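Engineer:
Number of protein chains: 4
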Amino acid sequence: MADLYETALGASTPDTITLLGQDLARDVMGNVGFGELAFWLATQRLPTTGETRLFEAVLAALADHGFTPTAIVTRLTYLSAPDSVQGALAAGLLGGGSRFLGVTEDCGRFLHDVVSTVEPPFDWDAIALETLRRQGKARIPGLGHHVHKNGDPRTPRLFQIAEEEGLVGPHLSLFAAIGRVHPQVLGKTLPLNGAGTCGAALADLGLPLELLRGFALLARTAGLIGQLAEELRNPVANQIFLSVDSNTRSVAPLEE
Amino acid sequence: MADLYETALGASTPDTITLLGQDLARDVMGNVGFGELAFWLATQRLPTTGETRLFEAVLAALADHGFTPTAIVTRLTYLSAPDSVQGALAAGLLGGGSRFLGVTEDCGRFLHDVVSTVEPPFDWDAIALETLRRQGKARIPGLGHHVHKNGDPRTPRLFQIAEEEGLVGPHLSLFAAIGRVHPQVLGKTLPLNGAGTCGAALADLGLPLELLRGFALLARTAGLIGQLAEELRNPVANQIFLSVDSNTRSVAPLEE
Amino acid sequence: MADLYETALGASTPDTITLLGQDLARDVMGNVGFGELAFWLATQRLPTTGETRLFEAVLAALADHGFTPTAIVTRLTYLSAPDSVQGALAAGLLGGGSRFLGVTEDCGRFLHDVVSTVEPPFDWDAIALETLRRQGKARIPGLGHHVHKNGDPRTPRLFQIAEEEGLVGPHLSLFAAIGRVHPQVLGKTLPLNGAGTCGAALADLGLPLELLRGFALLARTAGLIGQLAEELRNPVANQIFLSVDSNTRSVAPLEE
Amino acid sequence: MADLYETALGASTPDTITLLGQDLARDVMGNVGFGELAFWLATQRLPTTGETRLFEAVLAALADHGFTPTAIVTRLTYLSAPDSVQGALAAGLLGGGSRFLGVTEDCGRFLHDVVSTVEPPFDWDAIALETLRRQGKARIPGLGHHVHKNGDPRTPRLFQIAEEEGLVGPHLSLFAAIGRVHPQVLGKTLPLNGAGTCGAALADLGLPLELLRGFALLARTAGLIGQLAEELRNPVANQIFLSVDSNTRSVAPLEE
């Protein structure tokens with residue numbers, strides 16, 4: 042007896058192509074935006090207009106931050122292997138791990154671990170206080186930013202859009218409360234960073250927690266294509282390589 | 042004197058974040074869709090509504106085709122290394138090369154090589170005939186489909202959207218002409234496939250030819266996140282692995 | 042003032058190339074084996090003959106296990122993108138994460154966490170008993186194998202080579218003790234698996250714990266090249282893809 | 042009827058593990074060096090001692106060249122995603138494409154295209170002259186080096202080892218002849234570079250031409266592990282990132 046691999050995603054017959062149970066050509070192409078489609082593919086439900094707006098705001102917030110390590114990596118890989126655009130993009134995405142892109146996922150999971158254990162009516166400030174006290178000296182994901190020390194401009198904007206669309210759920214609520222009460226516990230005031238707020242928003246949108254990092258990577262794919270397009274017009278990768286090369290000093294190995 | 046690396050993409054100061062010369066939080070987030078933003082990042086110009094619609098139709102056409110090799114690769118990699126979503130997505134994208142995702146780029150480039158050498162007024166059928174004759178027995182990128190032998194449903198839909206938006210340019214025009222005249226040269230009728238039509242449409246949208254494969258990869262990133270989300274809900278990767286494993290026969294090496 | 046990036050690895054002048062402080066052409070090429078060189082690069086000290094033998098035995102133990110997910114991934118990626126050998130190898134390596142290749146690293150780290158807290162004279166059986174009791178119901182890395190239930194043939198061979206070369210250090214000693222005493226704690230007898238023993242041996246060789254997974258990946262790179270060479274002579278990737286494709290069933294999405 | 046996937050590589054039963062038709066634990070581990078094993082996996086025949094020596098000399102020649110783009114990429118990716126050693130190594134390998142690591146493969150293929158069309162007795166100088174004349178203004182793979190303008194030290198060493206081992210075959214012979222006669226055709230003297238000589242040597246060793254780049258990548262994997270080990274001891278990746286970041290100038294996009 043053969044195994045059967047089930048999927049509700051793309052499927053083809055000689056005369057038809059379906060995607061998510063829709064006729065791809067007639068119902069999806071020309072009618073569904075790309076952010077909407079990405080949400081739909083991940084959840085298998087069509088988002089509302091408001092959900093799409095908040096989701097696309099998150100993607101915009103994460104798409105590009107200039108010459109980050111991932112952008113440099115994509116440009117250097119394209120310099121070395123211009124025959125493989127897929128390799129340059131993949132190499133850049135591989136930097137999307139715990140340190141530079143991971144805050145979004147870490148924050149979403151951290152909030153969810155709390156949210157999934159509390160019951161209404163919610164006193165978010167009290168819950169936040171207890172959470173912060175339990176956390177002790179451990180880092181709070183999403184709290185603090187090494188550049189935007191007085192506030193990350195993306196954070197209030199994401200809260201504003203979520204409010205306009207009626208999408209402030211428990212994760213954003215708890216995160217806002219952490220923003221209000223943490224000075225009482227930590228003795229200093231830190232900004233809620235944008236990457237963390239993105240994680241809270243994605244969790245409130247019901248996207249799978251295991252894949253929150255994936256949405257940051259989707260956003261970053263668009264950004265990395267932008268980096269490659271700019272590299273084609275105004276190359277800098279070789280200059281970056283040469284600046285490293287010319288500042289290299291050969292030293293003796295540990296043991297000779 | 043220090044090197045200066047210029048970029049018009051993301052930039053930050055302690056109080057502001059800009060992207061493409063815009064205030065990211067105020068002007069981009071909440072106002073710009075994700076497909077629109079991806080186009081903007083690649084070209085550094087804001088697309089029109091019609092351009093965005095055609096671009097997003099192309100992305101929808103390429104996002105997912107079920108259990109393709111790239112989808113299987115992403116699922117198997119996630120099975121092996123569930124700690125690294127970025128690795129699973131990158132592995133899937135690495136299959137986006139010459140055979141399975143390359144038609145889009147090959148077709149766009151093939152058409153552009155012709156388009157860039159002809160001058161108005163254009164007699165596309167005559168140009169197509171000459172192109173096909175010069176090509177001899179070499180493969181025409183975008184012509185033929187191993188499943189949709191009577192026509193790829195995405196192709197007429199893309200032409201329809203391009204017409205509705207006034208975006209049928211020289212690449213789509215030449216491709217359509219190839220569709221009309223190739224039986225005279227080849228002695229048989231083949232469909233214009235969807236992936237090739239996507240390449241023609243992306244070239245008419247003015248996107249960089251070197252990166253046409255990149256847009257297929259962007260679309261596929263959304264598809265692969267959908268594959269991972271489905272794998273989380275209804276896993277099949279281990280079953281695929283076991284079906285290979287249980288059908289393996291150990292044979293003697295070439296020389297023992 | 043310029044930054045200076047120091048390295049003891051490769052360096053060039055117009056007339057010389059050095060590696061690890063040696064003249065590459067005269068001193069390394071033709072004189073140093075590849076396993077020896079890999080060890081030297083990682084530690085910046087030349088291994089003894091015995092260390093090289095044990096290290097290469099570990100690499101042999103991990104190089105290839107037939108149609109594992111990583112091997113299937115490399116073959117499928119090469120099918121999709123035959124223009125990029127680097128992409129096919131990279132995709133396969135990306136499966137080298139926590140589940141399929143991670144035991145080597147996990148076991149090495151687990152043993153090291155214990156070894157670094159005890160002082161001579163060592164009563165390894167007592168230390169192992171205490172370690173296993175403290176671990177409670179948590180998994181012991183390196184203990185058990187889903188196929189080799191009566192013993193992994195690589196395990197006694199690695200211990201034998203380490204003994205022959207006088208290289209049984211605290212990690213292998215503790216692992217052997219775990220093999221002896223765990224039935225008292227777990228109430229059942231499990232084999233010490235080969236991947237875990239490799240981790241213990243690599244740790245005893247003084248290789249950096251953060252990179253134990255890297256050596257498994259080096260071994261696997263050789264294995265994946267073997268997989269690609271076999272795929273070139275006797276292709277199976279397309280058959281694997283078709284067997285998945287032909288066993289696919291399209292189902293309704295979660296919400297329609 | 043089930044498909045059968047054949048392999049002569051790794052295979053397991055509950056009590057045995059075989060590799061290349063050998064008992065892995067008894068016959069391979071402890072007896073076969075890692076370079077020897079990599080050759081064996083790729084060709085399914087055990088190399089002679091001389092073949093192993095030449096092969097390992099090639100791997101040593103290609104393992105590391107200091108802060109190349111691939112090394113920088115691996116270090117930056119590890120900085121961003123220290124949780125995924127496999128991602129850092131894979132990202133570095135993805136730069137192993139046409140420009141930085143491709144010479145080895147290009148040269149091997151170029152020579153083979155000629156070698157496969159000539160018959161004994163061979164007048165290599167005459168064949169080389171004809172080859173160079175036919176090539177016209179096209180680049181000769183393996184000829185010239187941007188740093189080692191007076192000669193790449195690896196080249197004479199590889200020829201010496203091949204001669205000592207009786208392994209100078211048609212590819213190395215033709216390449217040497219190109220080195221002798223090219224000034225007559227090109228009107229200037231260029232060195233035979235080491236990467237190209239490696240390609241000629243690998244081709245003479247009978248390794249598959251489609252995978253010559255793969256052996257460069259295997260060598261580089263060892264080098265990249267060395268880079269990561271050095272990065273752990275003496276980190277520079279963040280400094281490289283900051284030197285780019287601090288030399289960045291934000292400019293207006295193409296169209297505002």
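Protein chains in written order, with this note's numbering: chain P, 42 to 297; chain L, 42 to 297; chain C, 42 to 297; chain E, 42 to 297.
By construction, the Cβ of each residue, glycine as well, lies at the ideal position given by its N, Cα and C atoms.
These numbers were taken from a predicted model, which means no experiment stands behind them.
1. Measure the Cβ-Cβ separation of L120(L) and A270(L) and say whether it is below 7 Å.
2. Taking only beta-carbon positions, decide if Y119(C) is within less than 7 Å of chain E.
3. Let me know the secondary structure DSSP gives M42(C) once reduced to three states.
4. Between E47(C) and chain P, is any beta-carbon pair separated by less than 7 Å?
5. Would you kindly report the start and end of the unbroken beta strand (DSSP E) that includes I58(P)?
6. Name the DSSP beta bridge partners of E27(E), please?
7. Between R218(E) and A179(E), how many whole angstroms is the CB-CB distance? I'm expecting something under 8 Å.
8. Of the residues A244(E), T262(E) and E272(E), which one's Cα is nearest the Cα of E146(E)?
9. Is the distance from the Cβ of I202(P) to the Cβ of L87(P) below 7 Å?
10. In chain E, what lies closer than 9 Å to S284(P) by C-beta?
11. Within the present structure, is the beta-carbon of H186(P) separated from the nearest heavy atom of the ligand HEM by less than 6 Å?
12. The alpha helix (DSSP H) with S139(L) in it runs from where to where?
13. Alpha helix (DSSP H) containing D105(P): first to last residue?
14. Our contact map puts A49(P) next to L135(L) with C-beta atoms below 8 Å; I'd like the distance itself, whole angstroms only.
15. With DSSP as the reference, label A278(P) as helix, strand or coil.
16. Since T111(E) is in the alpha helix (DSSP H), which residue starts that stretch and which ends it?
17. Are there three or more Cβ pairs, one per stretch, closer than 8 Å when the segment 229-241 of chain P is compared with the segment 98-111 of chain L?
18. Would a check of beta-carbon distances place T172(C) closer than 7 Å to chain E?
19. Report the residue from G240(P), H189(P), L250(P) and L184(P) whose alpha carbon sits nearest the alpha carbon of V209(P).
20. Are T111(P) and G133(P) closer than 7 Å when you measure CB to CB?
21. Just to confirm my understanding: we take T84(P), look at its own chain, exclude 5 residues before and 5 after, and list those with CB closer than 7 Å. What are they?
22. May I ask you to report which of helix, strand or coil DSSP gives I85(L)?
23. Whole angstroms are fine: how far does the CA of G235(L) sit from the CA of D56(P)?
24. By the three-class DSSP mapping on this structure, what secondary structure does D193(E) have?
25. Could you compute how far the alpha carbon of R174(P) sits from the alpha carbon of V226(P)?
26. I want to see whether chain P comes within less than 7 Å of R140(E), judged by CB atoms only; does it?
27. Distance, Cα to Cα, A263(L) vs L283(P)?
28. Any contact between the segment 143-157 of chain C and the segment 150-157 of chain P? By contact I mean 3 or more CB pairs, one from each, below 8 Å.
29. For the candidate residues A242(C), H187(C), V126(C) and N191(C), whose alpha-carbon lies nearest to that of L213(C)?
30. If we define contact as Cβ-Cβ less than 7 Å, is N162(E) a contact residue for chain L?
31. Which residue or residues does DSSP assign as beta-bridge partners of A260(E)?
32. A236(E) lies in the alpha helix (DSSP H); which residues open and close that run?
33. Provide the residue(s) that pair with A52(E) in DSSP beta bridges, ordered along the chain.
34. So for E297(L), helix, strand or coil by DSSP?
35. Under a three-way DSSP split, which group does D64(L) fall into?
36. Under 7 Å Cβ-Cβ, which residues of chain L neighbour D124(C)?
Structural biologist: Quick answer:
1. The count along the second sequence starts at 1 and reaches residue 120(L) at position 79. The count along the second sequence starts at 1 and reaches residue 270(L) at position 229. No. Outside cutoff.
2. As a first step, residue 119(C) must be located in the third sequence, where it is residue number 78. Taking CB atoms only, Y119(C) has no neighbour in chain E less than 7 Å away.
3. Translated into the one-based positions of the third sequence, residue 42(C) becomes position 1. Residue placement at M42(C) is poorly supported in this model, since its pLDDT is 44, which falls under 50; the coordinates still yield a value, given next. Coil, per DSSP.
4. Locating residue 47(C) in the third sequence gives position 6, counting from the first residue. Contact of E47(C) with chain P is assigned, a C-beta pair being separated by under 7 Å.
5. As a working mapping, residue 58(P) is identified with position 17 in the first sequence. That run of the beta strand (DSSP E) goes I58 to L60.
6. A query on residue 27(E) cannot be resolved here, the shown segment of chain E reaching from 42 to 297 and no further.
7. For this step, residue 218(E) is matched to residue 177 along the fourth sequence. For this step, residue 179(E) is matched to residue 138 along the fourth sequence. Going by the sequence as given, residue 218(E) is Ala instead of Arg. No, A218(E) and A179(E) are not in contact; Cβ-Cβ is about 18 Å, not under 8 Å.
8. Working through the fourth sequence from its first residue, we reach residue 146(E) at position 105. Here the closest residue by C-alpha is A244(E).
9. Position 161 of the first sequence, counting from 1, holds the residue named residue 202(P). Position 46 of the first sequence, counting from 1, holds the residue named residue 87(P). When the beta-carbon positions are compared, I202(P) and L87(P) stay at least 7 Å from each other.
10. For the purposes of this step, residue 284(P) is identified with residue 243 of the first sequence, where counting begins at 1. Per Cβ cutoff of 9 Å: I281, S284, V285 and N288.
11. As presented, the structure is devoid of all ligands, the ligand HEM included, so that no description of it is given.
12. In the second sequence, residue 139(L) corresponds to position 98, counting from 1. Looking at the DSSP string, S139(L) is not in any alpha helix (DSSP H), and its letter there is neither H nor E.
13. For this step, residue 105(P) is matched to residue 64 along the first sequence. Looking at the DSSP string, D105(P) is not in any alpha helix (DSSP H), and its letter there is neither H nor E.
14. Locating residue 49(P) in the first sequence gives position 8, counting from the first residue. Locating residue 135(L) in the second sequence gives position 94, counting from the first residue. In this structure A49(P) does not touch L135(L) by the C-beta definition: roughly 25 Å separates them, more than the 8 Å allowed.
15. One-based indexing of the first sequence puts residue 278(P) at position 237. The answer is helix: DSSP assigns A278(P) an H, G or I state.
16. Against the fourth sequence, residue 111(E) aligns to sequence position 70. Residues P110 to S121.
17. They do not touch, by the three-pair rule.
18. As a working note, residue 172(C) is residue 131 in the third sequence. No, its Cβ sits nowhere closer than 7 Å to a Cβ of chain E.
19. Translated into positions along the first sequence, residue 209(P) becomes position 168. Of all alpha-carbon atoms in G240(P), H189(P), L250(P) and L184(P), the one lying nearest the alpha-carbon of V209(P) is that of G240(P).
20. By 1-based counting over the first sequence, the position of residue 111(P) is 70. By 1-based counting over the first sequence, the position of residue 133(P) is 92. Yes, Cβ-Cβ distance for T111(P) and G133(P) is below 7 Å.
21. Counted from its first residue, the first sequence places residue 84(P) at position 43. G247 and L248, listed in sequence order.
22. Counted from its first residue, the second sequence places residue 85(L) at position 44. In the sequence as displayed, the identity of residue 85(L) is Gln instead of Ile. Of the three classes helix, strand and coil, the one that applies to Q85(L) here is coil, per DSSP.
23. Within the first sequence, the letter at position 15 stands for residue 56(P). Within the second sequence, the letter at position 194 stands for residue 235(L). Just so you know, the alpha carbons of D56(P) and G235(L) end up roughly 13 Å apart.
24. Position 152 of the fourth sequence holds residue 193(E). DSSP places D193(E) in the coil class of the three-state scheme, outside both helix and strand.
25. For the purposes of this step, residue 174(P) is taken as residue 133 along the first sequence, with counting starting at 1. For the purposes of this step, residue 226(P) is taken as residue 185 along the first sequence, with counting starting at 1. So the two alpha carbons sit approximately 7 Å from each other.
26. Counting from one through the fourth sequence, the residue named residue 140(E) turns up at place 99. With 7 Å as the cut-off, R140(E) counts as an interface residue toward chain P.
27. Start at 1 with the first residue of the second sequence, and residue 263(L) comes out as number 222. Start at 1 with the first residue of the first sequence, and residue 283(P) comes out as number 242. Cα to Cα, the separation comes out at about 36 Å.
28. The segment 143-157 of chain C vs the segment 150-157 of chain P: no contact.
29. Position 172 of the third sequence, counted from the first residue, corresponds to residue 213(C). It is A242(C) whose Cα lies nearest to the Cα of L213(C).
30. As a position in the fourth sequence, residue 162(E) is number 121, starting the count at 1. Correcting the residue type first, residue 162(E) is Pro in the shown sequence and not Asn. Output row for P162(E): interface = no.
31. Position 219 of the fourth sequence, counting from 1, holds the residue named residue 260(E). The beta-bridge partner set that DSSP reports for A260(E) is empty.
32. On the fourth sequence, residue 236(E) is found 195 positions in, with the first residue counted as 1. Note, A236(E): alpha helix (DSSP H), G235 to D245.
33. One-based indexing of the fourth sequence puts residue 52(E) at position 11. DSSP, once it has assigned bridges, lists T59(E) as partnering A52(E).
34. Within the second sequence, the letter at position 256 stands for residue 297(L). Below a pLDDT of 50, predicted positions are generally treated as unreliable, and E297(L), at 45, falls in that range; the measurement from the model is reported next regardless. Collapsing the DSSP output to three states places E297(L) in coil.
35. Residue 64(L) sits at position 23 when you count from the first residue of the second sequence. Strand.
36. Position 83 of the third sequence, counted from the first residue, corresponds to residue 124(C). Chain L residues near D124(C): G138 and S139.
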